[in-house]
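Please read the structure below before turning to the comments.
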Amino acid sequence: MASDGSPSQDSQKKKKKTSRKGKGEDVKDAEIQVESLTACGHGALQQGDSSKALEYFKKAFKTAANLKETKVQRACAFNLGAAYVEAGKPQKGLDFLSQAEPSEKGERVADLQFNLAAAHEALDDHLQAVRHYQQAAHLYRSQGDGSSEGDTCIRLAHCHLRRKEWSGAAENYLRAAESYKVSGNPASSAVALKDAGNYMLKCDCFTTDDVISVLTECLELSAKITEPETLGKLYNAVGLSFSQLKLFSEAAECYELALPLVRSTPRRLAVVMQNLGAIHNSLAQYRKALEYHREAAALHGSLGSRRAQGCCFCNLAYALSELGELDEAGESYLHAQQAFKDSDDSSGHWQACEGLGGIKMRLRDPDKAILCYKQALALLSKCKDVSISVQESLVNKLSEALQMKLAIQQRGPLVRQPIKERNMNRQHLRKTHMRNTEELMAEHSRKEPLSSHRIEDKEWRPTETCGERKPHGDVIISSRATQTECPDHTNALPEANRNLNNTYEKPRLEYKNPTDSHLHSQQDEAMCETSIQSPLESTSAPPLEERTEALPSVHLHSEESTSIHRTLKSRFCTVM
Numbered sequence: 011m012a013s014d015g016s017p018s019q020d021s022q023k024k025k026k027k028t029s030r031k032g033k034g035e036d037v038k039d040a041e042i043q044v045e046s047l048t049a050c051g052h053g054a055l056q057q058g059d060s061s062k063a064l065e066y067f068k069k070a071f072k073t074a075a076n077l078k079e080t081k082v083q084r085a086c087a088f089n090l091g092a093a094y095v096e097a098g099k100p101q102k103g104l105d106f107l108s109q110a111e112p113s114e115k116g117e118r119v120a121d122l123q124f125n126l127a128a129a130h131e132a133l134d135d136h137l138q139a140v141r142h143y144q145q146a147a148h149l150y151r152s153q154g155d156g157s158s159e160g161d162t163c164i165r166l167a168h169c170h171l172r173r174k175e176w177s178g179a180a181e182n183y184l185r186a187a188e189s190y191k192v193s194g195n196p197a198s199s200a201v202a203l204k205d206a207g208n209y210m211l212k213c214d215c216f217t218t219d220d221v222i223s224v225l226t227e228c229l230e231l232s233a234k235i236t237e238p239e240t241l242g243k244l245y246n247a248v249g250l251s252f253s254q255l256k257l258f259s260e261a262a263e264c265y266e267l268a269l270p271l272v273r274s275t276p277r278r279l280a281v282v283m284q285n286l287g288a289i290h291n292s293l294a295q296y297r298k299a300l301e302y303h304r305e306a307a308a309l310h311g312s313l314g315s316r317r318a319q320g321c322c323f324c325n326l327a328y329a330l331s332e333l334g335e336l337d338e339a340g341e342s343y344l345h346a347q348q349a350f351k352d353s354d355d356s357s358g359h360w361q362a363c364e365g366l367g368g369i370k371m372r373l374r375d376p377d378k379a380i381l382c383y384k385q386a387l388a389l390l391s392k393c394k395d396v397s398i399s400v401q402e403s404l405v406n407k408l409s410e411a412l413q414m415k416l417a418i419q420q421r422g423p424l425v426r427q428p429i430k431e432r433n434m435n436r437q438h439l440r441k442t443h444m445r446n447t448e449e450l451m452a453e454h455s456r457k458e459p460l461s462s463h464r465i466e467d468k469e470w471r472p473t474e475t476c477g478e479r480k481p482h483g484d485v486i487i488s489s490r491a492t493q494t495e496c497p498d499h500t501n502a503l504p505e506a507n508r509n510l511n512n513t514y515e516k517p518r519l520e521y522k523n524p525t526d527s528h529l530h531s532q533q534d535e536a537m538c539e540t541s542i543q544s545p546l547e548s549t550s551a552p553p554l555e556e557r558t559e560a561l562p563s564v565h566l567h568s569e570e571s572t573s574i575h576r577t578l579k580s581r582f583c584t585v586m
């Protein structure tokens, strides 16, 4: 019986061993498959194919569910959640990331906090995002990972920017710059300092010396940047910051450094040219500025950036007006009007009208100046967030134009009528006097009072003429006109910002190949061309000299600062 039972027992033992061996092999195969799928997911991410990466991470997560290894399962949930966030599905990502939370702190907690923050940021829950980013930055610092800490501080700055908390953004850019510098990445540190300087200027928490110190350090570290495009953007942005500080010479140096770095990119070249011209305007180097204005206008026109081209024409018109070339300045303002009209920019359009009004005042053409100022006021009413002082200034200029028109109309009668009336009175007096003295004086005695009256008449005429013309003539009116058209150079900061450019606009298709030949070939002839201007002249739609409150600061939100609206990037981990 023993022999009968032994074979069956042996076979059962063999089956158990075989099943255990099979299960072990299955587990090993599953682990290998998870590793392979995870690696494929990372490869797809490196190639920029987030949807394919998402599929790989899904398969890895399902395969890991058959394993008893909770660490592997959490890693797969971590990767899948991060992939969902990067694919634009933050809520799903948040669900899987919550499954990756360990019961106790592990080495991946910092990355997990980063991904949780990215998910909350994508859901516009910025308070939660800031909380998780701060935890991640603290953990990265404790691990000595300065590069990751810097990246996290940049994301923290973006959260503050979305809430318009400029000081918080500036502080996080400064912290990011320090982290990058410690980790041996001076190029990223320089870029972070550039952004820090920009937002330090927007708040009252920092002194001018603080900003200058940051910008100076930024320029020192920029020597480590080897990418021409990045370096060109940095010089342009730092130049803008210097211009806001009214350090125009330093700003000009930055733009000149940027110029050779951007020549291969027409759009960036146009921006730097525009800024150089505006800076030379601020430095009163108008003759030198003309070349930059014309080249920038031609480049913007060829690229279809009509709004930026309008700004260049305004800058050109201002320089020409300061040089006394009023006719050319007027034509440039007309070009600016058309450009702003084409780009549907009411803010730029009313300023071009105001500028042309100032030119017409200097040319003593109040009728056209009145039409210019009226059109400027009509356009101003379409703009949002316009200060009352701007409207009052336009109304005052319109009033001055009306006064000039009235003075010109009254000048003739005021001068001639009194002279005519007084001459008639004097003739009557002379006749009476002659009759009374006819019997007492000789012929030569009668001529003497006549002669004296003629002398009196000659003496009175110029005196009366001057007395009548002074209140309405050239002296007072031209002084008013000068006040009307000359901008306040002491307030060059807002004017500099308005004329400068820190954006690379997307061209409008209808202006990609403009028909205005003057924008493609010789710029000097372009400024004198009147084909665009005739419709505006017929309606008397004019502009005024550049001033500081005018065009919006397009340079503050630029591609030179890291975009806060880009696709959110997540952190991934390898399983093993």
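Residue numbers for the sequence shown follow this note's numbering, so the first one is 11 and each next one is one higher.
Think of the CB as a built atom: it goes at the ideal place given N, C-alpha and C, for glycine as much as any other residue.
>> Could you pull the DSSP bridge partners for residue 338 from this structure?
In response: What you label residue 338 is simply residue 328 of the sequence shown in a count that begins at 1. The partner list for residue 338 (beta bridge, DSSP) is empty, contrary to what the question assumes.
> Looking only at C-alpha atoms, which of 285, 222, 199 sits nearest to residue 158?
Replying inline: Taking the sequence shown and counting its residues from 1, one reaches residue 158 at position 148. The candidate whose alpha carbon is nearest that of residue 158 is 199.
> Are the CB atoms of residue 101 and residue 123 nearer to each other than 7 Å?
Replying inline: Position 91 of the sequence shown, counted from the first residue, corresponds to residue 101. Position 113 of the sequence shown, counted from the first residue, corresponds to residue 123. Cβ atoms of residue 101 and residue 123: not closer than 7 Å.
>> Nearest by alpha-carbon distance to residue 243: which of 221, 227, 267, 260 is it?
In response: The residue given as residue 243 occupies position 233 in the sequence shown. For residue 243, the nearest C-alpha among the options comes from 267.
> How about residue 366 and residue 342: are their beta carbons less than 7 Å apart?
Replying inline: Taking the sequence shown and counting its residues from 1, one reaches residue 366 at position 356. Taking the sequence shown and counting its residues from 1, one reaches residue 342 at position 332. Against a cut-off of 7 Å, the Cβ pair of residue 342 and residue 366 comes out as no contact.
> With respect to the alpha helix (DSSP H) encompassing residue 224, which residues constitute its N-terminal and C-terminal limits?
Replying inline: Numbered from 1 along the sequence shown, position 214 holds the residue referred to as residue 224. Start and end: 218 to 231.
> If you draw a straight line from the alpha carbon of residue 253 to that of residue 185, how long is it in whole angstroms?
Replying inline: Your numbering for residue 253 matches position 243 in the sequence shown. Your numbering for residue 185 matches position 175 in the sequence shown. Spanning the two alpha carbons is a distance of roughly 25 Å.
>> Applying the 10 Å Cβ sphere with the 16-neighbour rule, what's the burial state of residue 217?
In response: As a working mapping, residue 217 is identified with position 207 in the sequence shown. Exposed, by the Cβ-count rule.
> Cα separation between residue 96 and residue 165?
Replying inline: As a working note, residue 96 is residue 86 in the sequence shown. As a working note, residue 165 is residue 155 in the sequence shown. The alpha-carbon atoms of residue 96 and residue 165 are separated by roughly 15 Å.
> What is the DSSP secondary structure of residue 140, counted as helix, strand or coil?
Replying inline: One-based indexing of the sequence shown puts residue 140 at position 130. In the structure shown, residue 140 sits in a helix (DSSP, three-state: H, G or I).
> Measuring CB to CB, does residue 362 end up less than 7 Å from residue 371?
Replying inline: What you label residue 362 is simply residue 352 of the sequence shown in a count that begins at 1. What you label residue 371 is simply residue 361 of the sequence shown in a count that begins at 1. Against a cut-off of 7 Å, the Cβ pair of residue 371 and residue 362 comes out as no contact.
>> Please report the distance separating the alpha-carbon of residue 152 from that of residue 119.
In response: One-based indexing of the sequence shown puts residue 152 at position 142. One-based indexing of the sequence shown puts residue 119 at position 109. Roughly 12 Å between the two C-alpha positions.
> Contact between the stretch 66 to 83 and the stretch 45 to 57: three or more CB pairs below 8 Å?
Replying inline: yes
>> Measuring alpha carbon to alpha carbon, tell me which residue in 121, 127, 137 is nearest residue 155.
In response: For this step, residue 155 is matched to residue 145 along the sequence shown. For residue 155, the nearest C-alpha among the options comes from 121.
>> Measuring only the C-alpha atoms, how far is residue 187 from residue 160?
In response: Locating residue 187 in the sequence shown gives position 177, where the first residue counts as 1. Locating residue 160 in the sequence shown gives position 150, where the first residue counts as 1. Rounded to the nearest angstrom, the two C-alpha atoms are 7 Å apart.
> Tell me which same chain residues have a C-beta within less than 7 Å of the C-beta of residue 461, skipping the five on either side of it?
Replying inline: What you label residue 461 is simply residue 451 of the sequence shown in a count that begins at 1. Annotation note: pLDDT 39 at residue 461 (below 50); position unreliable, coordinate value reported separately. Taken in chain order, the list of residues that qualify is empty.
>> Please classify residue 75 as buried or exposed, where buried requires at least 16 other C-beta atoms within 10 Å of its C-beta.
In response: Position 65 of the sequence shown, counted from the start, is the residue given in the question as residue 75. By the 10 Å Cβ count, residue 75 comes out exposed.
> How would you call residue 282, buried or exposed, if buried means at least 16 neighbouring beta carbons within 10 angstroms?
Replying inline: The residue given as residue 282 occupies position 272 in the sequence shown. The residue in question, residue 282, is buried, as its Cβ has 16 or more Cβ neighbours within 10 Å.
> Do residue 247 and residue 298 have their C-beta atoms closer together than 7 Å?
Replying inline: As a working note, residue 247 is residue 237 in the sequence shown. As a working note, residue 298 is residue 288 in the sequence shown. For residue 247 and residue 298, no; Cβs fall outside 7 Å.
>> What residue range does the alpha helix (DSSP H) around residue 65 cover?
In response: As a first step, residue 65 is located in the sequence shown; it is residue number 55 there, counting from the start. Residues 60 to 74.
>> Going by DSSP in three states, residue 382 sits in which element: helix, strand or coil?
In response: Taking the sequence shown and counting its residues from 1, the one referred to as residue 382 is at position 372. Residue 382: helix per DSSP, three-state reduction.
>> Just verifying my parser: in three-state terms, what is the DSSP assignment at residue 315?
In response: The residue you call residue 315 lines up with position 305 of the sequence shown. DSSP places residue 315 in coil when its eight states are reduced to three.
>> Pop quiz: residue 289 and residue 336 are said to be a contact at Cβ under 8 Å. What is the actual Cβ separation, rounded to whole angstroms?
In response: Taking the sequence shown and counting its residues from 1, one reaches residue 289 at position 279. Taking the sequence shown and counting its residues from 1, one reaches residue 336 at position 326. Between residue 336 and residue 289 the Cβ distance is about 23 Å, and since that is not below 8 Å, they are no contact.
>> Could you compute how far the alpha carbon of residue 213 sits from the alpha carbon of residue 224?
In response: In the sequence shown, counting from the first residue as 1, residue 213 sits at position 203. In the sequence shown, counting from the first residue as 1, residue 224 sits at position 214. In a straight line, the C-alpha of residue 213 is about 15 Å away from that of residue 224.
> When the Cα atoms are used, what is the spatial distance from residue 353 to residue 317?
Replying inline: Working through the sequence shown from its first residue, we reach residue 353 at position 343. Working through the sequence shown from its first residue, we reach residue 317 at position 307. Each residue's Cα considered, the two are about 6 Å apart.
>> For residue 140, which residues in the same chain have their Cβ closer than 7 Å to its Cβ, ignoring the five residues on either side in sequence?
In response: Taking the first residue of the sequence shown as 1, we reach residue 140 at position 130. Closer than 7 Å at the Cβ level, and outside the excluded window around residue 140, lie 166, 169.
>> Suppose contacts are defined by Cβ-Cβ distances below 7 Å. Is residue 130 in contact with residue 138 by that definition?
In response: The sequence position of residue 130 within the sequence shown is 120, counting from 1. The sequence position of residue 138 within the sequence shown is 128, counting from 1. Yes, Cβ-Cβ distance for residue 130 and residue 138 is below 7 Å.
> For the candidate residues 178, 271, 191, 229, whose alpha-carbon lies nearest to that of residue 211?
Replying inline: Taking the first residue of the sequence shown as position 1, residue 211 is located at position 201. Closest by alpha carbon: 178.
>> If distances are taken between C-alpha atoms only, which option among 345, 173, 44 comes closest to residue 83?
In response: Position 73 of the sequence shown, counted from the first residue, corresponds to residue 83. Comparing Cα positions, the closest option is 44.
>> Here's the rule I'm using: 16 or more other beta-carbon atoms within 10 Å means buried, otherwise exposed. How should residue 73 be labelled?
In response: Translated into the one-based positions of the sequence shown, residue 73 becomes position 63. Buried, since its Cβ has 16 or more Cβ neighbours within 10 Å.
>> I need the straight-line Cα distance from residue 433 to residue 381, nearest angstrom please.
In response: For the purposes of this step, residue 433 is taken as the residue at position 423 of the sequence shown. For the purposes of this step, residue 381 is taken as the residue at position 371 of the sequence shown. Bear in mind that a pLDDT of 49 at residue 433, under 50, signals an unreliable position, so the number given afterwards is only what the model happens to contain. Their backbone Cα atoms lie some 41 Å apart in a straight line.
> Hey, how far is the Cα of residue 350 from the Cα of residue 358?
Replying inline: In the sequence shown, the residue the question calls residue 350 occupies position 340. In the sequence shown, the residue the question calls residue 358 occupies position 348. C-alpha separation (whole angstroms): 6 Å.
> Just the Cα atoms here: how many angstroms apart are residue 398 and residue 409?
Replying inline: In the sequence shown, the residue the question calls residue 398 occupies position 388. In the sequence shown, the residue the question calls residue 409 occupies position 399. Straight-line Cα distance between these residues: approximately 16 Å.
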